[in-house]
Amino acid sequence: MVCKLDKKIDQLAGMLDRLSFFLTDKEYEGYQSPFSFDDFWWGTEYYLADGGYSRICYSASSGKLFLTDNSIKKPKERWDSPGSKKLREKVEEQVKKIYEEMERQEALMNLKTTGLHKD
24 MVCKLDKKID QLAGMLDRLS FFLTDKEYEG YQSPFSFDDF WWGTEYYLAD GGYSRICYSA
84 SSGKLFLTDN SIKKPKERWD SPGSKKLREK VEEQVKKIYE EMERQEALMN LKTTGLHKD
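Every position in the sequence shown, counted from 1, becomes a number in my numbering once 23 is added.
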């Protein structure tokens, strides 16, 4: 189960990298901190490859990505383009799948600890 979830989180990180490239025309250079789904879910900014000037956040309440106000011109101009919208929708879908899988795993663990679930 954990491997399946880890794979989905790795896929999400790759999707965010593609969205970053689409918005900035730049790839990451040098050190990039590891992606944390928990941090992203709770609103930690995802820095784009433009030197960190532009950032994406996820709103758990709306289920949507948004670009921070302090982002630079190029990502802002590309944010509402059809290509960006398609990539954003894929990211949002993946985030929801990961969250649902995490909830499912937590419910299963609760059943196992109470002895209500038999392997």
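Heads up, the beta-carbon is just placed ideally off N, CA and C, and yes, glycines get one too.
Exercise. How long is the line joining the alpha carbons of isoleucine 32 and leucine 110, rounded to whole angstroms?
Worked result: 16 Å
For this session: Give the DSSP-derived three-state secondary structure of lysine 30 in the structure shown.
Result: helix
Problem set entry | Whole alpha helix (DSSP H) elements within the stretch 43-100, 4-residue minimum | 60-64
For this session: Measure the CB-CB distance between leucine 90 and lysine 99 and report whether it falls below 8 Å.
Result: yes
Exercise. For tryptophan 102, does the count of other Cβ atoms within 10 angstroms reach 16, so buried, or fall short, so exposed?
Worked result: buried
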